[in-house]
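Undergrad:
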Ligand code: NDP
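Next comes the structure, spelled out in structure tokens:
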């Protein structure tokens with residue numbers, strides 16, 4: 001029996017993970033399920049899967065969670081400390097699917113107890129890649145990618161020598177505004193940005209797909225995950241979202257990972273790794289699909305991609321600053337306080353100001369330093385947002 005915890009269980013990735021696990025209930029014992037505001041879903045799933053503990057990030061919702069779990073035997077808890085305590089409970093496999101930098105501390109705590117961490121929370125790698133990798137190594141745990149592009153690269157690299165890699169290409173659908181004229185983007189609304197042409201995902205990552213901040217985070221994640229020279233990482237717009245990534249080798253071979261846009265493939269791959277087990281994802285009919293198309297990823301149209309390259313060149317805690325500023329800019333866009341194009345400007349202004357603060361970005365990558373850089377970046381981004 002495998003002990004499983006799911007952080008961010010009420011979200012899009014969390015629900016897809018539960019879908020897979022619920023198909024084989026006798027094989028899994030659920031240690032912890034966590035969520036945020038959606039305590040109704042959290043309590044339902046915790047009852048259904050007979051979890052040991054359910055944790056909401058929202059302290060004010062603890063009484064409601066307790067009430068919903070009354071008589072079930074499932075423990076209830078709330079707040080960041082409770083999330084970390086739950087992550088410290090022994091588990092064999094832990095899904096990290098909280099959205100944002102908030103996913104980092106529980107992920108580290110899970111790695112410290114030797115778990116295999118299935119990492120959907122790309123922000124962990126962006127903010128603190130070296131710390132995540134070192135923590136896994138130090139405690140005999142492992143980190144497996146769940147982002148579809150990184151799962152695809154991981155799969156293409158099985159049995160290969162990383163030194164033979166010439167290029168890594170991660171694909172992007174181009175998001176909601178792929179075909180919009182540039183002039184129209186300034187007036188784009190949060191509702192328009194939150195409609196993805198191919199993937200069914202949480203609101204924040206869907207808007208990040210429209211702005212390409214999601215791809216920018218993934219470029220940094222690629223560097224951190226595979227320890228690859230940033231110069232070898234390319235982004236390619238592929239509107240059909242069927243090829244998730246390609247790895248080019250020095251003999252000219254290009255290995256592509258092809259599959260339907262269904263996160264249950266990457267989640268299931270990480271769940272069963274190193275075995276491949278049958279998964280409930282559609283099988284592609286290539287004749288019916290007919291053709292795949294590709295376009296260049298223009299850094300003028302999507303400045304987030306240029307900023308990602310600058311972040312990788314700066315190194316240190318620049319990723320934590322980038323992510324925190326992006327989270328605040330996204331909050332402000334969702335709240336209609338700034339326009340769609342202003343998000344990238346706020347992030348760039350924040351990066352410039354924070355980079356000028358001596359020592360902040362070059363401090364060692366510890367959880368405390370990540371928290372400090374994250375906090376300073378949020379305050380700085382808010383100042384720029386409030387000026388508008
Ligand atoms: P969702 O917004 O659907 O879900 C996020 C989860 O995190 C929910 O359980 C939410 O709780 C919880 N949560 C939100 N804020 C906090 C917080 N401050 N502390 C603790 N928990 C919190 O996101 P997704 O499932 O789409 O994405 C999750 C992660 O996976 C992200 O990092 C994303 O980039 C990544 N990812 C997602 C993909 C996808 O297809 N969706 C693909 C690849 C990567 P509640 O809803 O109850 O408030």
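Residue numbers (the numbering used here): 1 to 388.
Ideal placement from N, C-alpha and C gives every residue a C-beta, glycine not left out.
None of these values were measured; they are calculated from a predicted model.
Considering Cα atoms alone, identify which of 21, 115, 373 is closest to residue 139.
TA: Working through the chain shown from its first residue, we reach residue 139 at position 139. Closest option to residue 139, Cα to Cα, is 115.
Undergrad: On the criterion of 16 or more Cβ atoms from any shown chain inside 10 Å, does residue 204 qualify as buried, or is it exposed?
TA: Working through the chain shown from its first residue, we reach residue 204 at position 204. Residue 204 is buried by the Cβ-count criterion.
Undergrad: Within a Cβ cutoff of 6 Å, which residues of the same chain sit near residue 79, ignoring the five residues on either side of it in sequence?
TA: Here residue 79 refers to the residue found at position 79 of the chain shown. So the list reads 59, once near-sequence residues are dropped.
Undergrad: What is the residue span of the beta strand (DSSP E) that residue 97 lies within?
TA: Counted from its first residue, the chain shown places residue 97 at position 97. From DSSP, residue 97 is part of no beta strand (DSSP E); its letter is neither H nor E.
Undergrad: Which complete alpha helix (DSSP H) runs does the stretch 174–232 hold, if anything under 4 residues is left out?
TA: Here the runs fully enclosed are 190–193, 203–211, 213–226.
Undergrad: Grouping DSSP H, G and I as helix and E and B as strand, with all else coil, what is residue 256?
TA: The count along the chain shown starts at 1 and reaches residue 256 at position 256. The answer is strand: DSSP assigns residue 256 an E or B state.
Undergrad: Go ahead and pull the three-state DSSP assignment for residue 338.
TA: In the chain shown, counting from the first residue as 1, residue 338 sits at position 338. Note: residue 338 maps to coil in three-state DSSP.
Undergrad: State the beta-bridge partners of residue 56 as determined by DSSP.
TA: Within the chain shown, numbered from 1, the residue matching residue 56 stands at position 56. Note: residue 56 sits in a beta bridge opposite 35, 78.
Undergrad: Please give me, in chain order, every unbroken run of the alpha helix (DSSP H) with length at least 4 that falls completely inside the stretch 108–159.
TA: The stretch 108–159 contains these whole alpha helix (DSSP H) runs: 122–138, 148–157.
Undergrad: Would you mind stating whether residue 91 and residue 5 have Cβ atoms separated by less than 8 Å?
TA: Here the question's residue 91 lines up with position 91 in the chain shown. Here the question's residue 5 lines up with position 5 in the chain shown. Taking 8 Å as the Cβ cut-off, residue 91 and residue 5 qualify as a contacting pair.
Undergrad: When the Cα of residue 298 is compared with those of 14, 174, 149, which residue comes out closest?
TA: In the chain shown, the residue the question calls residue 298 occupies position 298. The candidate whose alpha carbon is nearest that of residue 298 is 174.
Undergrad: Spatial neighbours of residue 240 within its chain, please: CB distance less than 6 Å, with the 5 preceding and 5 following residues excluded, ordered by chain position.
TA: Translated into the one-based positions of the chain shown, residue 240 becomes position 240. Closer than 6 Å at Cβ, skipping near neighbours: 292.
Undergrad: Is residue 83 near the ligand NDP, going by C-beta to nearest heavy atom under 7 Å?
TA: Locating residue 83 in the chain shown gives position 83, counting from the first residue. Result yes, Cβ under 7 Å from the ligand NDP.
Undergrad: Buried or exposed, going by whether 16 or more other CB atoms sit within 10 Å of the CB of residue 386?
TA: Locating residue 386 in the chain shown gives position 386, where the first residue counts as 1. Exposed, since its Cβ has fewer than 16 Cβ neighbours within 10 Å.
Undergrad: Using a Cβ-Cβ cut-off of 6 Å (strictly less than) and excluding sequence neighbours within five positions of residue 318, which residues of its own chain qualify?
TA: As a first step, residue 318 is located in the chain shown; it is residue number 318 there, counting from the start. Contacts found: 311, 361.
Undergrad: Confirm the yes/no value for this check: CB of residue 128, any heavy atom of the ligand NDP, distance under 7 Å.
TA: Locating residue 128 in the chain shown gives position 128, where the first residue counts as 1. No - the ligand NDP has no heavy atom lying nearer than 7 Å to the Cβ of residue 128.
Undergrad: If residue 210 and residue 177 are in contact, beta carbons under 8 Å, what's the gap, nearest whole angstrom?
TA: Indexing the chain shown from 1 puts residue 210 at position 210. Indexing the chain shown from 1 puts residue 177 at position 177. With 8 Å as the limit, residue 210 and residue 177 qualify as a contact, their Cβ atoms being about 5 Å apart.
Undergrad: Using three-state DSSP, classify residue 272 as helix, strand or coil.
TA: Against the chain shown, residue 272 aligns to sequence position 272. Reduced to three states, the DSSP call for residue 272 is helix.
Undergrad: In chain order, what residues of the same chain lie with their CB nearer than 8 Å to the CB of residue 65, ignoring the 5 residues before and after it?
TA: Walking along the chain shown from the start, residue 65 turns up at place 65. Within the same chain, residue 65 has close Cβ partners 39, 42, 43, 54, 56, 76, 78.
Undergrad: Do residue 52 and residue 2 have their CB atoms nearer than 8 Å?
TA: Here residue 52 refers to the residue found at position 52 when the chain shown is read from its first residue. Here residue 2 refers to the residue found at position 2 when the chain shown is read from its first residue. In this structure, residue 2 does not lie closer than 8 Å to residue 52 by Cβ.
Undergrad: Near residue 87, which residues of its chain fall below 6 Å by C-beta distance, leaving aside the five closest residues on each side in sequence?
TA: Along the chain shown, one-based indexing puts residue 87 at 87. Excluding positions up to five away in sequence, the list reads 106, 109, 110.
Undergrad: Considering only their Cβ atoms, is the gap separating residue 384 from residue 349 smaller than 8 Å?
TA: Sequence index remark: in the chain shown, residue 349 carries index 349 (1-based). Sequence index remark: in the chain shown, residue 384 carries index 384 (1-based). Yes.
Undergrad: To the nearest angstrom, how far is the alpha carbon of residue 93 from that of residue 81?
TA: Along the chain shown, one-based indexing puts residue 93 at 93. Along the chain shown, one-based indexing puts residue 81 at 81. Near 20 Å, if we compare the C-alpha coordinates of residue 81 and residue 93.
Undergrad: For residue 329, is the beta carbon positioned less than 7 Å from some heavy atom of the ligand NDP?
TA: By one-based count along the chain shown, residue 329 stands at place 329. No, the beta carbon of residue 329 sits no closer than 7 Å to any heavy atom of the ligand NDP.
Undergrad: Using DSSP's beta-bridge definition, name the partner residues of residue 245.
TA: Locating residue 245 in the chain shown gives position 245, counting from the first residue. According to DSSP, which records beta bridges pairwise, residue 245 is partnered with 170, 257.
Undergrad: Indicate whether the contact test is met: 3 or more Cβ pairs, each with one atom in the stretch 248–256 and one in the stretch 176–192, closer than 8 Å.
TA: Not touching, per the Cβ criterion.
Undergrad: How should residue 208 be labelled, buried or exposed, when 16 other C-beta atoms within 10 angstroms of its C-beta is the threshold for buried?
TA: Here residue 208 refers to the residue found at position 208 of the chain shown. Its Cβ being crowded by 16 or more others within 10 Å, residue 208 is buried.
Undergrad: Please give me, in chain order, every unbroken run of the alpha helix (DSSP H) with length at least 4 that falls completely inside the stretch 296–381.
TA: Runs found: 303–314, 318–334, 342–356.
Undergrad: For residue 390, which residues from the same chain have a beta carbon less than 6 Å from its beta carbon, with the 5 sequence-adjacent residues on both sides left out?
TA: One cannot answer for residue 390 here, as it falls past the ends of the chain, which runs 1 to 388.
Undergrad: From which residue to which residue does the alpha helix (DSSP H) around residue 2 run?
TA: Indexing the chain shown from 1 puts residue 2 at position 2. Element bounds for residue 2: not the alpha helix (DSSP H) but the beta strand (DSSP E), 2–7.
Undergrad: Does DSSP put residue 283 in a helix, a strand or coil?
TA: Translated into positions along the chain shown, residue 283 becomes position 283. In the structure shown, residue 283 sits in coil (DSSP, three-state: anything other than H, G, I, E or B).
Undergrad: For residue 259, which residues of its own chain have a beta-carbon under 6 Å away from its beta-carbon, when the five flanking residues on both sides are left out?
TA: Translated into positions along the chain shown, residue 259 becomes position 259. Contacts found: 265.
Undergrad: Rounded to whole angstroms, how far is the Cβ of residue 148 from the Cβ of residue 119, which I believe are closer than 8 Å?
TA: Walking along the chain shown from the start, residue 148 turns up at place 148. Walking along the chain shown from the start, residue 119 turns up at place 119. So it is not a contact: roughly 12 Å between Cβ atoms.
Undergrad: So the candidates are 236, 141, 262, 161; which of them puts its Cα closest to the Cα of residue 200?
TA: In the chain shown, counting from the first residue as 1, residue 200 sits at position 200. Ranking the options by Cα distance to residue 200, first place goes to 262.
Undergrad: Under a three-way DSSP split, which group does residue 240 fall into?
TA: Translated into the one-based positions of the chain shown, residue 240 becomes position 240. Residue state, collapsed to three classes: coil.
Undergrad: For residue 17, report the span of its alpha helix (DSSP H) as first-last.
TA: What you label residue 17 is simply residue 17 of the chain shown in a count that begins at 1. 12–21 is the span of the alpha helix (DSSP H), which, as asked, contains residue 17.
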